[in-house]
Every structure is written in C-alpha cells, then in structure tokens.
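Have a look at the structure below, then the notes.
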Amino acid sequence: MSETSPATPEVTAPVAPGQWRLAEVQLANWGTFDGAIYRVPIARKGHLMTGPSGSGKSSLLDAIAAVPTPDKWLRLNQAAQGDGTRADQRTIVSYVRGAWSRTTDENEDRVVSAYLRPGATWSGIVLRYENGVDRPVSLCRLFFLRGTAMASADIADLCLLERSAVDLRDLEPFTRSGIETRKVQANWPDAVVTSNRSHGRFYARMRSLFGIAHESALQLLHKTQSAKSIDSLDQLFRDYMLERPATYDLADTAVAQFGELRDAHEHVVQLRQRRDHLTELRAHSDAYDRANNAADAARSMADSVVPYQKHQSLRLALAEHGAVGEQLVSLRADAERADGSYRRADEDADLAQRRALELGGDEAEHLQHRIRTAQDAERATRQRWDALECQLTEAGVAHTPTTAAEFAELMAEIDRTLQSPSTSTGPSHAQQERFFIARAAKDRIETAIRTLRMSGTTVPDNLIGIRRAISTETGLPVTALPFAAEIIEVRPTFAEWTGAIERVLRPFALTMLVRSEHLPAVRRWAEAHRVNARLVFEEVSSEIPPPRPARSSLSLVNRISVAPGPFAEWVAGQLSERFDYACVDSPDELDDHTRAVTVNGQVKSSRTRYEKDDRVKIDERGYWVLGDRESKLEALIEQLRGAEREYSQAETDVDRAEKERNSDLERRATLKAVRGQMWHDIDRDAAAAAIADLQRRLNDLTREDGGLRDAVGAAQTAREARETAAKALQDAELSLRQATAKHEELGTAIRDLEEAIATGGVQDLDEHTTAALGRRFREVQRSITRQNIAEVGQEVIRRLQQQRDKDLEAARTSGNDVARLAAQFNERWSAAAAAADLSPTTADRRAYLEVLDSIVAHGLPEHESNFLRLLRERSRDMIGELVSDILGAPREIEERVAPVNASLKRSEFDEGRYLKLRVKVRRSETVTRFIADLRSISEGGWADNDLESAEERFATLADIMRRFASSDHVDRSWKRQCLDTRQHVTFLAEEIDAHGRVHATYDSGAAMSGGQQQKLVIFCLAAALRYQLADPDDEFPRYGTIVLDEAFDKADTRYTRMALDIFVEFGFQLILATPQKLLQTIEPYVGAATSIENPTRRRTAIANVPWRQDAASDVTTAGNADGEATSEAAQ
11 MSETSPATPE VTAPVAPGQW RLAEVQLANW GTFDGAIYRV PIARKGHLMT
61 GPSGSGKSSL LDAIAAVPTP DKWLRLNQAA QGDGTRADQR TIVSYVRGAW
111 SRTTDENEDR VVSAYLRPGA TWSGIVLRYE NGVDRPVSLC RLFFLRGTAM
161 ASADIADLCL LERSAVDLRD LEPFTRSGIE TRKVQANWPD AVVTSNRSHG
211 RFYARMRSLF GIAHESALQL LHKTQSAKSI DSLDQLFRDY MLERPATYDL
261 ADTAVAQFGE LRDAHEHVVQ LRQRRDHLTE LRAHSDAYDR ANNAADAARS
311 MADSVVPYQK HQSLRLALAE HGAVGEQLVS LRADAERADG SYRRADEDAD
361 LAQRRALELG GDEAEHLQHR IRTAQDAERA TRQRWDALEC QLTEAGVAHT
411 PTTAAEFAEL MAEIDRTLQS PSTSTGPSHA QQERFFIARA AKDRIETAIR
461 TLRMSGTTVP DNLIGIRRAI STETGLPVTA LPFAAEIIEV RPTFAEWTGA
511 IERVLRPFAL TMLVRSEHLP AVRRWAEAHR VNARLVFEEV SSEIPPPRPA
561 RSSLSLVNRI SVAPGPFAEW VAGQLSERFD YACVDSPDEL DDHTRAVTVN
611 GQVKSSRTRY EKDDRVKIDE RGYWVLGDRE SKLEALIEQL RGAEREYSQA
661 ETDVDRAEKE RNSDLERRAT LKAVRGQMWH DIDRDAAAAA IADLQRRLND
711 LTREDGGLRD AVGAAQTARE ARETAAKALQ DAELSLRQAT AKHEELGTAI
761 RDLEEAIATG GVQDLDEHTT AALGRRFREV QRSITRQNIA EVGQEVIRRL
811 QQQRDKDLEA ARTSGNDVAR LAAQFNERWS AAAAAADLSP TTADRRAYLE
861 VLDSIVAHGL PEHESNFLRL LRERSRDMIG ELVSDILGAP REIEERVAPV
911 NASLKRSEFD EGRYLKLRVK VRRSETVTRF IADLRSISEG GWADNDLESA
961 EERFATLADI MRRFASSDHV DRSWKRQCLD TRQHVTFLAE EIDAHGRVHA
1011 TYDSGAAMSG GQQQKLVIFC LAAALRYQLA DPDDEFPRYG TIVLDEAFDK
1061 ADTRYTRMAL DIFVEFGFQL ILATPQKLLQ TIEPYVGAAT SIENPTRRRT
1111 AIANVPWRQD AASDVTTAGN ADGEATSEAA Q
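Quick note: the sequence shown uses this note's numbering, first residue 11, plus one each step.
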C-alpha cells in the first residue's frame, strides 16, 4: 500500500514539556482515506484541519476519536449531525467499507450506499503521543471485515498500546486475511494487546499513562469534539462533570439488604396464609368428626334395634302369655258346653228322622237329598258366574251374559277381539331413546358431581381418570400433572365475563401440564394406551420467559388470576403470549383489536377470523372448567334436578306404554280363558229351576199327609239344629286349639328369649339406648305388638341407615375437603409439609391441626416480632442514609463545583468579568413525593408494635424496592429522577467582577444568543476538562489533546479568540477542524495546518500547510479555488 504524508512541521523546543500531546496520526482504509497509508504529523502547539465540506475533515477526527474512546460512548460525525438523528449516521462499518455516495437501487426501489471496499478489507489507525521527556506512546486500533459482511457484530478489531513509535506499515501484514492477535503480541511483546471488543485493559493502561483518573473523562473528551451539541450548563455538569451519585449504590445495597426483610415479611405472610388455610381445614375436620360420630351413633343404634326388639318381644310375650292363659279357661268351658249341645241336637235329629221314616218318609227323604244336591250345584253355578263376571270386568266387558243368546254374542265378540292385532305394542323407539338419553344424562351429571366432590377439580371426570391412570402407571404424583383449569380462575370482579373467557381459554384450560423431566414417561404412556377422550398435554420447560405486558387494560389476561405454584410463571407467560384478547362490550369494537372477544362469546382470533359457537349456552355454568368448585357444583346440582325431571317424565311414558301392553296381553289371556267356558256351567236360571222342580215334587208328596209333612219338617229342623251345633262345636274346639297352640308358642318363645338373654345371646341395653329406640319405634307405629314389632324394627333400621348414609356422605364431603386442603397445603408449602412429615389424607388431619396450633402459639408471633425488628432496623439504616444522601446532595455538588469556580476565576469571561457557578435546588414533584415516602418509612415512632402501621410502611418500602430493581422503562426513568441527585439541582452562571459583585445571571444558558450560549458552555467546558484531567495543584494536566470539530460555527471572532485563549490558558493542545472559516483568528493558537480535499469524492488527499504569517490567506485562497463545496456524502 502506498503512503501519503505531508511535510513535517519544523522541529522546535517542545511546548508544555511533560504533557502528553498528539504528535502523529496514521490511518489506512478509513472512509475515503483509501488505497494508501496516510500520515498526518500534528503540531505540538496545536493543529488545524481545514478544507471544503465533504472533504474528510470529520472522518479524520472520527479516526482520532475511535482509538481512545470506548465503543459504548463512541458517536461518529456528531458535529455534522447536530441535535437530530440522521438516517445516514456514520458507523465503524461504513468507515471500514469506505461509504462515499448514496445511489438508488432500481431493482429494490430504495437508496443504498456505494462502497470503495465491498470485499474483505482492513482498516488501521495509529495515534502517536509524545510528552517531550519520555518515550512516545502509540495507540493503535485495527479493524477487519470478511467478504460482504455489513453488521457491526461482524467486525473483528484489535487495540494495541506500545511505549514506542509504531508504524502502521508494520501492522499491515497481520490484517490482510484477518487480524492475527497472537502474532501482533509476539512482535510487540511489551505492548498491551486486546481484541474482539474487550478492551478494558487497553483503556485502563492508557488512562494510567496519561494520568486520567476517571473513565468519564474519556467521554467528556469525546463529547468535546462536538461541543456545540452540549447546549446547557445542566447537561454539561450533570452528564460530564459530576460522577454517578452514591445514591445508586445505596439503592442497590438497599435492594440487596431488602431481601432479608422481604423474606421475613414473606415468611409472616406465608404463616398467615398457612394459618388461614389450616383454620379452614380445621372447620372441615370438625365437620368430618361430627358427621362420623353421628354416623357411628346411627350405626350403633341400628345394631341395637334387634336386641331392643328381643327385649320388647319378651315383655310383650309375657303379657300376652298371661292373657292367653286366662282365655284358655273360658274357651275350655265353651268347648264343653258346645259338645253337650251338639250331643243333644244329634239325638234330637236321629229321633226326628226315625219318626219321619216310621210315617213313610223314604220318598220324601230321597227328594230332600236331591234338593240338597241341587242346592250345592246351584251354589257352584252361581260362583262360576260370579267368577266370569270378575274376569269380564277385568277384561273391560261391562255386561255379564244372563241368557244363552247373550253368551253366544259374547263368544263371537271374544273371537273377533282375539283375531284382531293388538293395539298396544309397548314403548315406541322415540320413547325408549328419550328414556336412555335422559338416564345417561342423569348418570353423567351424577358422576360429574361425585367426581367433583371427590377430586375437588372442575376438569371433566374422563380426563381426571386418564390422569389417574398415568399417575398410577408412571409413578408420578397427580399434583405433578395439573390441568391449566386447576390453576386459572376468573377474577370475581369480572364474573360476568366468565362464559366468554371460557370460550377463549377452554382448549388451553383442558391441557395437562407436564414438566420436561416427566415428558418422556407421559409420552410413552399415551402411545401405549387408548384413551377415551381428547388428551392434550404440553411440555413446561425450566426456562420460562417473563410474561409480556398486556396490550391494553381490556385484556383478558388482566381479568384472570393464576394460582401460585410451580406452574404459575409458565401459565402466566403462555396466557400473555397466546391469549392477549381484548374484552369488548360491542361487536363494533372488535375492529380496534387484532384479537378480542365480546361478552356474548363472539371471538376474533386474527385480523380476519371470527367465531361464535353457541352449541352450549354461554352461561351454562355446569359446562365451565374455569371458576370455583362450589359454583360449578351448584350448577351441576341444578342440572341434575332438570335431568331427573326429564328422566322421570321419560320413565313415566315408558312405564305407561309397558303397562298398556301388559294390560292388553292380560286382557287377551283373560278373554281366551273365558272363551273356554260352557253356557250350562254358568246357567243360574237352570240350576234354580232344578231346585224349584224338586221342591215342588216334595210339596206334592207331603201335601195330602199332614202327619208326614209335620214329621218331615221336624226332621229338617232337627238336622239344621244339629248342623248349627256341630258348627258351634267346631268353632269352640278350633278356638281352644288355637289358644292352646298360641299359649304353647308363647311359652316356647318366652323360654327361648329368656335363655338367649341369660346366656348373653341378646345384649343388654342401657336406659338411654332403650329410651331412644322406644322413641324411634313410636315415631313409626304408636301401638307396638309382637306381630308388628319386627316390621317396625325394619323401618327403624331403614331410617337409621338413611341417617347414617347422610352422615357418611357429609363425612365424605368434609373428608374430601380436608384432603383437598391438605393436598393444597403440601403443594403450596412443600418444604413445611415435608418437615412435619404430613400426608395429604384425612387420617393425618391431626398432624395438620398440630401445625396450626404451633403456628398460632409460637411461629407466627415470633416471625411477626422478627419482621418488626428488621423493618425498624432497615428503615433506620437503609432508608435513613438514603434520605440523608439525597437531601445532602446539593451541598456536596456545591463542594464539587467549588474547584471549577476556582478554575473559572483564573480567566476572564469578558472584559473585567468572571464566571461563577451557583447550584440551585430544583426537585420535581416526583422526587418530592419520593422523599416524602422515604421519610414516612424511616421517621416516626417505633415504640409500639403496630402490625397495621408496619404493614403500611413495608408496603411503601416494598414498592420502592420493586421499582429500584425493575427493568421496566417507566420504573427506570422514575429511578433516575429519584436517585440521580444531579438532576435535583440546576446550574446558574453568574457574571461577577473582580470584587465578586454579580452583574448578570445565566440560567443554564437560557435566553441567550447562539454565540453567547456557545461561549458560556465552552468556557465552562474548558474548566470542566481541566477539572477532570488535572489535579488541583498541577499547572496543567498530564494529557492535553483536545479535538474541536466546527466548535465556533456560531461565535464571532472576539468570542472565538476568547474561548481559544481559555483552552490555551488551561494548557490544552487544540486540534481544530473548520471549513476555511476563522483561519486568521485561529492562526495564533496552532503550529501547523493540514489541508484536506476530495475533488472526486472517492479519495481524500491531504497536504501540510506551512504556517507563516500569510498562511491563513493562502489557505483561504486554496479553499475557495473550487467555489462553494457540496455537503459531505453519507458514509
């Protein structure tokens, strides 16, 4: 690569010996400094860069800045940029590539940059500093870009600090195909070599050599290059003179120390939550115990029913045995009297019969016998007719035939009925289908209620069953496989939105959450089994990005809450990422959002897609999986009532149809049986006529013989009397036998009962149980006998069983609540549960209650006391010191400004006038409120242990600590306002005379002309530079090079000269750049000038201008030879 270097200025005695000043700049492939190594010797007195606009002056100054300025502060070509932001802002990449022009790309219809070096290229800069006493210091920086890379991240770079003169030509071989850091270090073994943007060691060594105490001085030196962008004293002093206040460190310390206090408070909160949680568990535990005790009492009472029956049966049997014994005496006497009456009646009947026979009554006897037979036949006929009447009535036939014609007509009608098809075929298909659907719906709802009561979750029971199966076969606990619905709940204040939110979140709510370490086992189970539902599960990784802020206050995300737990952060992140739907009241508002939902369930899921699904009513709470368990249980119970009504109606219809069918079948069977009857079997008239005929014949026989008639009549009467006596005897003997058997039976029962009681086969009952059972038996039947006591006992047992079932159901419900709360306790406070060896079962409830007792008696009071102590100590230590620093900051700033005022007093600001800086407190309302909050925490009485007041103080402190630690833009801005005490003051510049009298006051440069303002700021800047770079007792700083790019573009000759005098008086080497302006004014302050031109806009040319008396006019003439220069191309 060729070299370009102007003539070297004359060597004279060094200016400011011992001060490091820039002596030479070498650069290659930097912007339009292309195709050669450019060498620019710099005069020690000061140096001027001049040339037309766009020639490369700023590029050369940017090259100087790119070496000593850390990249975090490096801003290129800022003098030309001004206060605004330009799209063509220069970068390291644009300089390395050699951007020189902007052209239009017709294919892509956009403006693009044209580059001198579009392929792989390198750039290099070497700055040589000398102090006239020691060996020179060379600061070098190399860059390399491969291929067509254009990103800042693609740049490879190297920094080198060497205590000798380094030639860029010697570095070139190590950069042609990439920067070879190790070889560079090997060639300069004593040098500091850093690479790849990690240059902390380089800058630290540089500052050590140049005597620059603070890194912020490098930023101020770089900012000085574009000094016109510093437009106020506030900006100058806040950003470049004053160090970062200690309040930031105090705040960081407070945040760090707040952890212990926060942990103490969180422990108190946790204990309070545990106490409240376990208090609820205790209520359910007490209900569980009461229900179980009642169930046990009912069972015990039911077990005592049979012994009670035995004792009462014995009592009743004894009483009845005595009564039957007394009755037997009377029955024996009745039987003896009946026997005597029968014998007399029998003798009378025999005597009357013999007398009738003696009078010739054989024929009459025969007729009487036939009459008795005919009467028996007539009774049988009448009974058959009565039976037929009953059958016909059951079959729906109102009239029973009384004649042969009617009977024949009946038979014909029966034949027609039996031959016709049946009109009742039983339940229809629709009725049966309705019945089965209603029964299935009722069973499904009952199962859902049972599952909800047992599991405590709103997730459908088929999914719960699948999860239970996965848990059983994989060994994973159920709590490790939650459904999202078990973690999400709609906030009570937005309850009316539950149905709409349910429509949006239901697919996600029914998703099972599986941690990464459990995912393989669950996947294998799902692959190996057939599931009876739609199972969706998602992996929950350990790397959880923070939730995104909601797009608006209407967001669905703001209307739901996520239960704390191991899955809470992941669920919250998924909700903010996937379900940031706006909840709008009107469908017209859907246009305002990409994703939204109305209160009636119309969902907009993209810019063009809408959906509304009303197959399930939006307010059908029983279908919801979000919301609390009790609300869903109430809804399911209400649904069950409706389902039971539907089932009852459907069952009634089916039963009615079946009864009609069965009735028709029975009628046909009855009619078929009637069809087998014969008329003569039921002809009552014929049977009566037969008796009448025989009676007529008997009457004819006895009509002529009065004695015979009387004898026959007497015999008939005697026979009837004998039959009556025989019947009475049979009845008396039957009653006696029955009483005797009953007496014997009672005796046997009494002996058996007495034996059972005596041998312990029947337990004895206490008076309380006996009285209680007596009341229960009388509630069923007021009169208890041996005959009904067993039946009454069964009813008592049934009622007791119902009561026990009810109590057991209550116990199960309370037990489920206990187990649910215990499981929640173990999941939420797993460490405490493990320490106490708690098992989330009803059986271990006493252990939970012991934990509660321990919390109430010792744990909570002790931790509340510890929290109060820490809050008192931290409030006084952390916050008190922070308040003190903030309030004392203005005084400290005044002390820091004092040496700057001393520097300002060394030079006149104007004729006979000096500048004096005054610090004025100006706190914003935000800062005032912040200080008030701090005082409310640190001040006030702490004598009483008022937890309510302590909670208020802690809440204020916690909010402040949260905002201190937050990375949110709003909180960071608030933190800067509150902690950056440099912003709590404003700087006034007072123009005073030698006696200190104030003649004018400038409020941070306000209400001044551009030149005055620039002069004021530059004047203070010079003082600031001296303050930053030199010790107060030093005559001049160890580092003296100041670069000013177009610094006096608004000032006149007088103000320019005055400002330059200030810099010279403060001992600085000025490297100035100006587009051929104020050259005669600048001449006395520099030792040489470099003319920079770029006539082709592609390649910069430099030339040293010998500095003579007429040099300024020569330069001016040269600069104006080509007329007005165009503005510099974007690079």
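Ideal Cβ positions, reconstructed from N, Cα and C, are used throughout, including at glycine.
Classified as buried, residue 567 has 16 or more neighbouring CB atoms from the shown chains inside 10 Å of its CB. Beta-bridge pairing by DSSP links residue 36 to 49 and 136.
By DSSP's assignment, residue 498 forms a beta bridge with 572. The bridge partners DSSP lists for residue 154 are 132 and 166. Shown here, residue 56 sits in a strand according to DSSP, grouped into three states. Annotation for residue 1051: the continuous beta strand (DSSP E) segment containing it runs 1051-1055. In the three-state scheme derived from DSSP, where H, G and I count as helix and E and B as strand, residue 30 is classed as strand.
For the options 384, 516 and 908, the alpha carbon positioned closest to that of residue 470 is the one of 516. Assigned with DSSP and collapsed to three states, residue 545 falls in coil, not helix or strand. Straight through space, the alpha carbons of residue 853 and residue 812 are spaced by roughly 25 Å. Out of 923, 474 and 980, the CA that lies nearest to the CA of residue 1001 is found in 923. About 5 Å separates the Cβ atoms of residue 1103 and residue 61, confirming a contact at the 8 Å cut-off. Taking residue 122 as reference, the option from 131, 112 and 130 with the minimal CA-CA separation is 112.
When 693, 619, 512 and 579 are compared, the shortest CA-CA separation from residue 610 is found for 512. For residue 983, the uninterrupted alpha helix (DSSP H) segment begins and ends at 979-989. The beta carbon of residue 295 sits closer than 6 Å to the beta carbons of 828 and 855 from its chain, once the five residues preceding and following it are set aside; these are given in chain order. When the beta-carbon positions are compared, residue 110 and residue 124 come within less than 8 Å of each other.
Ranked by how close their Cα comes to the Cα of residue 971, the residues 731, 271 and 1094 have 271 in first place. The three-state secondary structure of residue 1107, taken from DSSP, is coil. One thing to note: residue 1013 has its Cβ within 8 Å of the Cβ of residue 998. Collapsing the DSSP output to three states places residue 320 in a helix. About 35 Å separates the beta carbons of residue 266 and residue 1039, which is beyond the 8 Å limit, so they are not a contact pair.
With a cutoff of 8 Å on beta-carbon distance, residue 570 and residue 498 are scored as near each other.
Partner residues in the beta bridge of residue 593, as assigned by DSSP, are 607. Inside the stretch 918-964, DSSP marks whole beta strand (DSSP E) runs of 3 or more residues at positions 924-931, from first to last along the chain. Going by C-alpha positions, residue 1072 is about 36 Å away from residue 1109. Under the three-state reduction of DSSP output, residue 1073 falls in the helix class. For the pair of segments examined, the stretch 832-839 was found not to touch the stretch 329-339: the number of CB pairs separated by less than 8 Å stays below three. By alpha-carbon distance to residue 127, the top candidate from 134, 145, 100 and 158 is 158. When DSSP states are grouped into helix, strand and coil, residue 740 belongs to the helix group.
Distance from the CA atom of residue 742 to the CA atom of residue 794, rounded to whole angstroms, is 29 Å. The Cβ-Cβ distance between residue 441 and residue 664 falls below 8 Å. In this structure the stretch 881-888 lies against the stretch 962-970, because at least three pairs of beta carbons, one per stretch, are closer than 8 Å. Inclusion of residue 456 and residue 650 in the CB contact set at 8 Å is warranted, their separation being smaller than that value. Sixteen is the threshold: when 16 or more other Cβ atoms of the shown chains lie within 10 Å of the Cβ of residue 234, as they do, the residue is buried. Taking residue 738 as reference, the option from 251, 350, 905 and 156 with the minimal CA-CA separation is 350.
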